[in-house]
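K.L.:
In the working numbering, the protein residues as written are 59 to 1020.
1. What whole-angstrom Cβ distance do residue 949 and residue 931 have, given they're in contact under 8 Å?
2. Quick check: what's the CA-CA separation for residue 328 versus residue 624?
3. Helix, strand or coil: how does DSSP classify residue 510 here?
4. What is the rounded straight-line gap between the Cα of residue 455 and the Cα of residue 604?
5. Measuring straight from C-alpha to C-alpha, what distance separates residue 911 and residue 698?
6. By a C-beta neighbour count over all protein chains shown, 10 Å radius and 16 as the cutoff for buried, is residue 768 buried or exposed?
7. Kindly indicate the opening and closing residues of the beta strand (DSSP E) around residue 331.
8. Is the segment 825-838 close to the segment 732-745, with three or more CB pairs under 8 Å?
9. Closer than 8 Å by C-beta to residue 160: which residues in its own chain qualify, once you throw out the five before and the five after it? Chain order, please.
10. If you follow the beta strand (DSSP E) that residue 555 is part of, which residue opens it and which one closes it?
11. For residue 646, which residues does DSSP report across the bridge?
12. If we count the other Cβ atoms within 10 Å of its Cβ and call it buried at 16 or more, is residue 116 buried or exposed?
13. Determine contact between the segment 667-680 and the segment 580-593, defined as no fewer than three beta-carbon pairs at a distance below 8 Å.
14. Once the 5 residues before and after residue 199 are set aside, which same chain residues still bring their CB inside 8 Å of it?
15. Comparing C-alpha positions only, which one of 386, 841, 126 sits nearest to residue 99?
16. Would you report the Cα separation of residue 379 and residue 813, rounded to the nearest angstrom?
17. Quick check on this structure: which residue in 718, 986, 290 has the alpha carbon closest to the alpha carbon of residue 701?
18. Sorted by chain position, which residues of the same chain lie with C-beta nearer than 7 Å to residue 249's C-beta, five sequence neighbours on each side aside?
19. Nearest by alpha-carbon distance to residue 218: which of 396, 307, 150 is it?
20. From the DSSP output, which residues share a beta bridge with residue 827?
21. Would DSSP call residue 176 helix, strand or coil?
22. Using the C-alpha atoms, what's the distance from residue 544 back to residue 566?
23. Looking at the secondary structure, which residues open and close the beta strand (DSSP E) in which residue 604 lies?
24. Which residue wins for smallest C-alpha separation from residue 853, given the options 805, 477, 822, 905?
25. Within this structure, are the beta carbons of residue 990 and residue 922 separated by less than 7 Å?
26. For residue 69, count the other beta carbons within 10 Å of its own beta carbon; 16 or more makes it buried, fewer makes it exposed. Which is it?
27. According to DSSP, simplified to helix, strand and coil, what is residue 397?
28. Judging by CA-CA distance, which residue of 893, 847, 151 is the nearest neighbour of residue 347?
29. Spell out the partners DSSP gives residue 583 in its beta bridges.
30. Residue range of the alpha helix (DSSP H) that residue 104 falls in?
31. Rounded to the nearest angstrom, what separates residue 742 and residue 842 at their Cα positions?
32. Does DSSP classify residue 838 as helix, strand or coil?
33. Drop a sphere of 10 angstroms on the beta-carbon of residue 367, count the other beta-carbons inside from all chains shown, and report buried for 16 or more, exposed for fewer.
34. Identify every run of the beta strand (DSSP E) within the segment 345-383, keeping only runs that are complete inside it and at least 3 residues long; order them along the chain.
35. Assess contact between the segment 181-199 and the segment 303-320, defined as three or more Cβ pairs (one per stretch) separated by less than 8 Å. Is contact present?
36. What three-state label does DSSP hand residue 59 in the structure shown?
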């Protein structure tokens, strides 16, 4: 029996061991396609390696591995993998880097033999051959800029066929050779458009069609952009005037380049792409590509030529563009459809997607692990895009695809695009088209989309069960992570807005959901996004995606929004995310024009910018609670845990990041406000939010001159186990006196420790506020408020939702300094607003009169003239005597410091402002206040316009004259 069992065991072991094929780049020593394909005698071509891998995989007996030795594999055509390349019977086929190797798959050729072209201009040239074109050139790993000149909007007059040149300095354009290679680039709000020239004669520039037609109708068009446009003319040697620019003369086969300062072209690595894609993975719906792995490979050196065609790049959003002649475009669309029309809606279902350098469709069980995507001519990796974006001609149908631990950077387009945008993507005619079970994890996508600025780092349209987790996204021109498409128009019941636009004359109103559902966006670190374009955020969504979550992501330094729920976004929850330094709202929902945006749950998020718009608790199915405004210099421990854990994990985490330390620390001050000479207790709570131990822990405090700090309690323990916490305490004493009404002391705590082999210093700051006592005015707050006075200057520290009543609610939440019965008959109340914390663009500080300033939400005779941080000055009054300010007149462009005044006269109450205290401007009408008393209180009023957020508001030169 033993002799019978042994062969079976040997066969099983052989199956587990798999079959390995080794291949080397061209010219490698001992490489031979007739050899064994071993480490010592590798194969000489990828084609032979693929042929042998197919044969071995077809046996279905074992895993097959193709190992690529170190070096650059310069492709003359893309690698194509279909069902014949697939793993069988539960086995996989893996293409991977050999141990210690860094193989590079390139679609470019190196450029050498540089010589001066013109010593005066510093331009060099090299012969590269003819018969090809490229829109990209990479020099030392950087995407070089095609030769261009910037033109002002006033330099040209746009028209239906192109434009006329109005600036005489541009008269030379008519003399340019190869005019059809010249392009206009229009950087607008959320679109970045390219259109090629047809001809230039005199001052008349005629553009190629259909590129010009398609770029001049719809929304955010060249002639009607949603913000001030930036125009360039590109791709003529005459434009080559800046270091780092280049031009390719395709007829002569000559490449021109102007080196950057200090750049030596005899040593520089210059790569000129020839291919548009490198790897195409996909079969058919009947026979998909299966069970393929790509590990440790670098994909580089491609271009993308479609924008150079008569189509141009009629960009719509996120790598999607109009292609071909549009039959529903009105003849007068340049004027009638510059901002949308019914004919434009007819184009939507035929929009095209940018093609990727690496393409996966009609595939199952495909993995990319530890790969690098760099210097690519468009999108790096496309998964299950529409058929137009796949060289195989078969789109969609991507199942069980994973991308992990990979790097995407320095390319013309975005990082990863998952899903399509045409009807089969959201309501497939064949169930096998559905993109499902896609996982993108622990990747780094940064500093990419350098030319196609509209493209996201990671974008997914219609996917069932999508996970985007623990990725690092940074330095992007537009959105970091984009989810969904269709603006809600393809969701069940359609969209009222798109009904009004006429879309449903071209497509059905669907009664079934799209394929977008069960999306998880968890633990990502997104920073420095929305750097160039607009109408975007760290995380952006469109349309309904039931059972979807956005949790524990860290967003910092967005140039616009944190979370942006755009048209039709529904059924999403966002919890325990951290938003630091978003330029605009941390969360915003576009619920305008009758769209169905809503059904959001926003719970337990942390943000330095308290502004949130379009999402009201209890309205449109929304739930918002326990969202906390924080200081960037003192985030809570839980926020610190989210910050530390965001981004790639385990072996992909990278080197220690001082800005994301393994310990969290949070300072509390009790009480936060003290009187002069009094003492507050400062407590630093330090917690280990990592899985490793921290040692050599110490904490110290620094206070401003005149303040005192004394340690209290036991010193912090020097070691901290995972999950453990410790506190350190100090007594902070304010000066006995100070010149201003308020002394705000920035107290800094430094926590030093070691984790692993790295020394950290964790800095936290908090403010202890000391107030001089009131001597001339009384103080009252309808919400918790503190007041101070010194040498004719005053301060109110208060919060408050607002002092306003309308359909959105009734609010009378403020802090006020006042004189009893100061106004009678004719009187003037004046003050200077000297300082305002920008708690909200509608925070308010100014002068007020009221029958009784201690009777909030009831006392009539109520009027105020206030300054705001972002909306000028406002004259507000109670027009119906119910005790709420409900009427408004305003003047924009005014900020503190500014003078404000209320005048009560026989004919009513008027409001004024001044920027110098001498010249006064009336705001709105003179008004009658129902219920006004013979004598009234007069004083200073402030509200932070942010519930629970305290701001400080300063005043001087307060006076009441009769």
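Glycine residues also receive a C-beta, built at the ideal position from the N, C-alpha and C atoms.
Computed from a predicted model, the values in this text were never measured in an experiment.
P.N.:
From the atom records:
1. 5 Å
2. 42 Å
3. coil
4. 21 Å
5. 42 Å
6. exposed
7. 328-331
8. yes
9. 128, 354, 356
10. Per DSSP, residue 555 belongs to no beta strand (DSSP E); it is in the alpha helix (DSSP H), 554-559.
11. 622, 671
12. exposed
13. no
14. 327, 432, 433, 468
15. 126
16. 49 Å
17. 718
18. 278, 373, 374, 375, 512
19. 396
20. 731, 802
21. strand
22. 13 Å
23. 602-609
24. 905
25. no
26. Residue placement at residue 69 is flagged as unreliable, the pLDDT there being 43, under the threshold of 50; a coordinate-derived value is accordingly withheld.
27. coil
28. 151
29. 530, 612
30. 104-116
31. 25 Å
32. strand
33. exposed
34. 347-353, 356-358, 372-375, 378-380
35. yes
36. With a pLDDT of only 35 at residue 59, under 50, the local geometry of the prediction cannot be trusted, and the value read off the model is given with reservation. Residue 59: coil per DSSP, three-state reduction.
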